[in-house]
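Encoded as C-alpha cells, the structure appears first; notes follow it.
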Amino acid sequence: MSSSNIYKPYLMQIEKVIDEAPGVKTFRLRFTNDADKEQFNFTTGQFGEYSVFGEGESTFCIASSPTRKDYIECTFRQAGRVTSALAQKEEGDVIGFRGPYGNIFPLEEWYGKNLLFIAGGIALPPLRSVIWNVLDLRDKFNDVTILYGARSVADLVYKQELDEWGKRSDVKLVTTVDPGGETPDWKGKVGFVPSVLDWMEPSSENTIAIVCGPPVMIKFTFPELLKLGFTPDTIFTTLENRMKCGVGKCGRCNVGKVYVCKDGPVFTYKQLQELPAEY
Amino acid sequence: MSMQQRVIQHENLLKFLGEIISSGKQLYAPQKKAEKTYFLPASDVHSIVFDYIQTAESPKELLFPKTERMLSYEQVDGKLKMIDHAEGEIFPERVLFGSHPCDAVALKTLTDFFRHDVPDAFTQKRQDSLTVISVSCIKADDNCFCTSVGTSPGDTEGSDILLTPIGNAKYYVEVMTEKGQSLFAAHEKYFENSDIISKDKYLTKMSEVFSSSEVTARLSKAFDHPIWSDASLRCLGCGACAYVCPVCSCFDIQDEGTDKKGDRLRCWDSCGFSLFTLHTSGHNPRKNQSDRWRQRVMHKFSYMPERYELLGCVGCGRCSRACPADMNIKEQLKEITEKIEG
Amino acid sequence: MQALHQKAKELLESGKVQVIIGYGDGSGDRVRPVFISKAESASDLIWDDRCRQNLAVYLNKPEIKKLGVPAIVATPVVVKTIIQLISENQLKSSNIVVLVVDNDVVSELTDNASLEAYSAGHPVVFPPFVVKEIKDIAEMSIQQRNKYWQDELSRCFKCYACRAACPLCYCERCLTDNNQPQWVCVASHAQGNFEWHINRAMHLAGRCVECGSCTIACPVGIPIGLLTIEASRIVKQEFGQEPGLHCDADSAMSSFKVEDTETFIK
Chain A
1 MSSSNIYKPY LMQIEKVIDE APGVKTFRLR FTNDADKEQF NFTTGQFGEY SVFGEGESTF
61 CIASSPTRKD YIECTFRQAG RVTSALAQKE EGDVIGFRGP YGNIFPLEEW YGKNLLFIAG
121 GIALPPLRSV IWNVLDLRDK FNDVTILYGA RSVADLVYKQ ELDEWGKRSD VKLVTTVDPG
181 GETPDWKGKV GFVPSVLDWM EPSSENTIAI VCGPPVMIKF TFPELLKLGF TPDTIFTTLE
241 NRMKCGVGKC GRCNVGKVYV CKDGPVFTYK QLQELPAEY
Chain B
280 MSMQQRVIQH ENLLKFLGEI ISSGKQLYAP QKKAEKTYFL PASDVHSIVF DYIQTAESPK
340 ELLFPKTERM LSYEQVDGKL KMIDHAEGEI FPERVLFGSH PCDAVALKTL TDFFRHDVPD
400 AFTQKRQDSL TVISVSCIKA DDNCFCTSVG TSPGDTEGSD ILLTPIGNAK YYVEVMTEKG
460 QSLFAAHEKY FENSDIISKD KYLTKMSEVF SSSEVTARLS KAFDHPIWSD ASLRCLGCGA
520 CAYVCPVCSC FDIQDEGTDK KGDRLRCWDS CGFSLFTLHT SGHNPRKNQS DRWRQRVMHK
580 FSYMPERYEL LGCVGCGRCS RACPADMNIK EQLKEITEKI EG
Chain C
622 MQALHQKAKE LLESGKVQVI IGYGDGSGDR VRPVFISKAE SASDLIWDDR CRQNLAVYLN
682 KPEIKKLGVP AIVATPVVVK TIIQLISENQ LKSSNIVVLV VDNDVVSELT DNASLEAYSA
742 GHPVVFPPFV VKEIKDIAEM SIQQRNKYWQ DELSRCFKCY ACRAACPLCY CERCLTDNNQ
802 PQWVCVASHA QGNFEWHINR AMHLAGRCVE CGSCTIACPV GIPIGLLTIE ASRIVKQEFG
862 QEPGLHCDAD SAMSSFKVED TETFIK
C-alpha cells in the first residue's frame, strides 16, 4: 500500500478454501504482488477489511499466525451481503484486503506464563492466531490449555487442528458441545463452556486467560474466572463492534471514548469494566 | 496575526471575485435556491448573496463530499485492476467565499481530524487546493452560539482571508495565510491600504451561553444520566443534524457496480440512524434513540476533545435550524451544564 | 387552549391515559412535540397555527409506547393518519385517545366511527403555495418535469428526514436499508437519490395522507411531498381510493383479488 489512499486494499488470491462448519469457511490468501507481501507485517490480535469487489467490505480478524509469513488466513460465517458473496468465491479468485488494523495480544508479556484459551463457536479464529503463534514459540510459554465449545459437533471449526492440538503432549485440549449437540461417537465433553470450565478448575496461578465467544458465553465465563482467582487484568478478550474504515475515521465502532478499531479489538476484562455498556 | 491588512470596497470585491472565476478557479459562494442559501459554484458574481445568517448546508462538502469515489476497479483480460482516485485525480483549485468564521474553524477541524493518526489523502488534497475567504458576522440569530464553543464572529482561525464589513460598503481585509497571500497578491489592485483596526465594534454581539470545557467536564460522568432519554423522546432518528453539520464526518463505505467493474465509495453516514451500529447478528450496541442522541453529543463534546483535542462543534446552529422535531443543541448543552453535576 | 389544558389534565388525573402527545413551546417561535405525563404540566400544551408536524409519527415508537396509553392532540390530517394506520393494522382506536380541537371545544375520538366522521368532515386543504406547486408541475412537459426533479433531488443528501417525519414510513427495515439485494443505491448521487424518492413515492401511493411533514422536514427544502401527493392522486383517479377515510379500507396497491380482470399479475 504505497498509495496515500488508506482505503485501497491489497489484492489477494484465494489459495485454499476450507469448509469448517455449516456456513463457515476458511480462506488462505496470498498477495498477488510480491512487494506487498515483502512489506506486510502483522501481530496476533489484529484484524482487516476483506472485500468482494461490487459487494463491499467486511471486518474480521486475521486467523493465521504471524509466524507463518507467506499467507494470511481468515475464517468467516456467511451472514451479511459481503460474507455471502465471499462464500461464493473459489480457489484462484481475487479479493481485497486492507490491514492489519488494531492492537495486539501482548505475547511478549506472557512469556513464562501459563495460558488458558477459552473459545466458543465461531469465535475461535482470533484465538487460533494466538494459539499457533504460541505453539510456534512453544518454549517461551509454560502450560497451554485450550477449552473450546460449540453448539454442536458440526459447529466446531478447525476440526483438523483440534485433532492436532489434542494429540500434542504440550497442549491440554478440552472440547465441549452444548447439551443435545453431541453425536454418538463424540468423545469430548457435553455442557456449556462456563460449566466445563468450573469442572476443569484451572489454576489462576501465573496464568493468563484469553476468552473469545458469543456475548452470553462471555457473560458467564468472566465470573467463573474471577471465582477461580483470575484478576480482571489477567483476562483478555476481543470486542467485535461494527466497523467500516478500520482506521479510526468512520465513527461507528466506539464504546464510549474507546475506538475498537484503534484501541482494540483486544481488551482486558479490567479495561471493559471501565467502559460503558455500549458493545 | 494577519500577514496583511487592507480595505476593499464592495464593488471591488465583486470584481475580485469575478477575476477569480475568470482565472479558471472554481468559486463557491452563497447563493439562493428555493428560499434557502447554499454554497454553490458561482458563474456570475451578481448571484452571490451577502445578507444571510447561515447557509442551509455547511461547506464541508468541499473537503468531504457526500459521495467520494475512492477507487474504481475493473476486470481487464481476466485480471482485476484498481484505479486509485487519491493518486490519479486532479483536485481542482477552489475558492470558498462567504463562509462565516464558524465554518472556517469547522473546515480546519475536519482537516485536522482526517489528518490525525492515519492521514486521509482525500480531505487533505481537497484542503490543499482550497482557499477560504470568510466574512465576519455582523448579525446572528438565536441558534448561533459560536462564543460558547471557543470561536467568535470575527475569528480568523481557518480562514485564508477574512473580510469584516465595516459599513459604507467596505470591508476590512485580513490576509492570514500563504494561500490567502498568494490569492491577494494576484489581485492586489482591488485592495486599499489600511491600518490595523479593531473589528469588535462592527461585529455582532454574542454572549457566552455555556462553557464548552464545562460541558466536556460534566459529560465525563454523564453516560448513564436520565437527561438523554428525556431530551431525545421527540428525536425522529434521521440524519438531518449530522448532514448539515460542518464537522460531522462519520461515513459508510459502499461498493457500486458488478464484480467486473465498479466503484468503492465513501458516503456520509449518521450516528442518528439505528442501522449505524447494528450488527449482522441483530445485536445493536446503541439500540435506543437516546443512546444515539447521547453518542452525538458525547462524540462532539467529550470524545473528540479527549482523543484529538478538537471540539466537534463550532456553534453554527444549523442542526437546530434543520431539525424537524426541534432538537436544539444549544439548549441541550446549556441543560448539561445546569443539570449534570460537575 | 384552556379547554385543551383542562381535558388533558382530566385524562391524566383519571388515569385514562398516561401520556399526552401534543405540541409545546419550542426554540424561538417554534413549537415542538411534547410528551406530558404529569397533570400539572397539562398547561404546557399549545394549540395554534404553528402545530403542523404530524405527531402520529410518535404513536408506534417503542420509546413512546413505553410511556403508556397515549392521548394525542390531533389536527385533521393527524386524524386521517390514524385512520390510515388503523386500516393498515398498525394501531387500534381502542388503545389511544384522539383529541381534536374546534373553536376551543375539545372532543375525544375513541372509536373508528367517530374518527371516520371527523375525517369526512375535515377534508385536507392545501395551502395556496402547495396548490400552485402542484399546478406548475402539472403544466410542465415530461422533459421539464424530469429536469425539475433532477434539479430538486440533486440537493438530497439522504438524511432520511422525510422518512423519519412520515408516520406512514413505519417499516421496521426500510427497503432502502435492505442490502440483500441492494434495491436502492446507498450513495447520494443522481441515480441513488432518484431511486430512493421514486421508491418511497411508490410505497406511499394511495397511502399518503398529504400532511406535508416530509416537505417541512427536508433540511434542503425539496418539496418532496409533491411526489407522494401525485402518486395518491393517480391511485384515486385509477382505483377510486382515498387514504385516511375508512378504518377498514384495503389498499389499492397491496391488495389482490382473484377475480381481477387485469392480466399483468398472472
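Protein chains in written order, with my numbering: chain A, 1 to 279; chain B, 280 to 621; chain C, 622 to 887.
No residue lacks a Cβ here, since even glycine has one placed at the ideal position from N, Cα and C.
It should be emphasised that the depicted structure is a prediction, and the values quoted were computed from it without experimental measurement.
Within chain B, partners of residue i - CB distance below 7 angstroms
| i | result |
| --- | --- |
| Arg653 (chain C) | Arg513, Ala604 and Asp605 |
| Ala786 (chain C) | Leu515 and Pro603 |
| Trp807 (chain C) | One detail in the question is off: residue 807 (chain C) reads as Val in this sequence, not Trp. Near Val807 (chain C) (Cβ distances below 7 angstroms), the residues of chain B are Asp531, Gln533 and Cys546. |
Span separating the alpha-carbon of residue i from that of residue j
| i | j | result |
| --- | --- | --- |
| Ser2 (chain A) | Ser876 (chain C) | Because the pLDDT of Ser2 (chain A) is 45, which lies under 50, any placement of that residue in the model is unreliable, and the question is left without a value. |
| Val655 (chain C) | Met622 (chain C) | 15 angstroms |
| Ser708 (chain C) | Val640 (chain C) | 24 angstroms |
| Tyr739 (chain C) | Gln78 (chain A) | 52 angstroms |
| Leu116 (chain A) | Tyr148 (chain A) | 11 angstroms |
| Glu851 (chain C) | Phe815 (chain C) | 16 angstroms |
| Thr402 (chain B) | Val526 (chain B) | 13 angstroms |
| Ala483 (chain B) | Lys418 (chain B) | Before going further, note that residue 483 (chain B) is Thr rather than Ala in the sequence given. Going by the C-alpha atoms only, they are around 5 angstroms apart. |
| Arg854 (chain C) | Gly827 (chain C) | 8 angstroms |
| Ser599 (chain B) | Glu298 (chain B) | 36 angstroms |
| Ser499 (chain B) | Leu612 (chain B) | 14 angstroms |
| Lys878 (chain C) | Gln862 (chain C) | 15 angstroms |
| Asp665 (chain C) | Trp817 (chain C) | 38 angstroms |
| Met280 (chain B) | Pro444 (chain B) | 19 angstroms |
| Ser415 (chain B) | Ser337 (chain B) | 16 angstroms |
| Phe470 (chain B) | Pro380 (chain B) | 21 angstroms |
| Ser301 (chain B) | Leu375 (chain B) | 15 angstroms |
| Ala496 (chain B) | Tyr582 (chain B) | 11 angstroms |
| Asp570 (chain B) | Lys294 (chain B) | 51 angstroms |
| Ala21 (chain A) | Leu156 (chain A) | 7 angstroms |
| Thr83 (chain A) | Ser58 (chain A) | 7 angstroms |
| Gln803 (chain C) | Arg794 (chain C) | 13 angstroms |
Cβ distance (whole Å) where residue i is taken to contact residue j below 8 angstroms
| i | j | result |
| --- | --- | --- |
| Cys832 (chain C) | Asn675 (chain C) | 4 angstroms |
| Thr67 (chain A) | Asp136 (chain A) | 4 angstroms |
| Phe76 (chain A) | Lys25 (chain A) | 7 angstroms |
| Leu409 (chain B) | Leu306 (chain B) | Actually they do not touch by this definition, with Cβ atoms about 11 angstroms apart. |
| Tyr269 (chain A) | Thr237 (chain A) | 7 angstroms |
Residue burial classification, residue i (beta-carbon count within 10 angstroms, cutoff 16)
| i | result |
| --- | --- |
| Glu620 (chain B) | exposed |
| Trp199 (chain A) | exposed |
| Lys360 (chain B) | exposed |
| His325 (chain B) | exposed |
| Gln406 (chain B) | buried |
| Pro256 (chain B) | Residue numbering for chain B in the displayed model covers 280 to 621; residue 256 (chain B) lies beyond these limits and cannot be assessed. |
| Lys637 (chain C) | exposed |
| Val289 (chain B) | Just to set this straight, residue 289 (chain B) is His in the shown sequence, not Val. So His289 (chain B) counts as exposed. |
| Ala465 (chain B) | exposed |
| Gln533 (chain B) | buried |
| Glu487 (chain B) | exposed |
| Gly238 (chain B) | Any question about residue 238 (chain B) goes unanswered here, given that chain B covers just 280 to 621. |
| Leu29 (chain A) | buried |
| Cys792 (chain C) | exposed |
| Arg821 (chain C) | buried |
| Gly865 (chain C) | buried |
Chain-ordered neighbours of residue i on chain A, where CB pairs are closer than 7 angstroms
| i | result |
| --- | --- |
| Asn800 (chain C) | Arg81 |
Cross-chain neighbours of residue i in chain C, by beta carbon under 7 angstroms
| i | result |
| --- | --- |
| Cys567 (chain B) | Per the sequence shown, residue 567 (chain B) should be read as Asn rather than Cys. What Asn567 (chain B) touches in chain C: Glu684. |
| Gly518 (chain B) | Cys780 and Tyr781 |
Interface residues of chain C facing residue i [CB-CB closer than 9 angstroms]
| i | result |
| --- | --- |
| Ala385 (chain B) | Chain C residues near Ala385 (chain B): none, gap ~16 angstroms exceeds 9 angstroms. |
Under 8 angstroms by beta carbon: chain B residues contacting residue i
| i | result |
| --- | --- |
| Gly213 (chain A) | Simply none; closest approach about 13 angstroms. |
| Arg252 (chain A) | Cys529, Asp548, Cys550, Phe555 and Thr556 |
| Gly102 (chain A) | Near Gly102 (chain A) there are no residues of chain B at all, since even the closest Cβ is about 12 angstroms away, more than 8 angstroms. |
Distance cut-off 6 angstroms: residue i Cβ against heavy atoms of the ligand SAM
| i | result |
| --- | --- |
| Ala335 (chain B) | This structure does not include the ligand SAM; it has no bound ligands of any sort. |
Please list, in chain order, the residues of the segment 63 to 91 of chain A that have any C-beta partner in chain C closer than 8 angstroms.
Gly80, Arg81 and Ser84
Residues of the segment 527 to 553 of chain B with a CB closer than 9 angstroms to any CB of chain A: list them in chain order, please.
Cys527, Ser528, Cys529, Phe530, Asp531, Ile532, Gln533, Asp534, Glu535, Gly536, Thr537, Asp538, Lys539, Lys540, Gly541, Arg543, Arg545, Asp548 and Cys550
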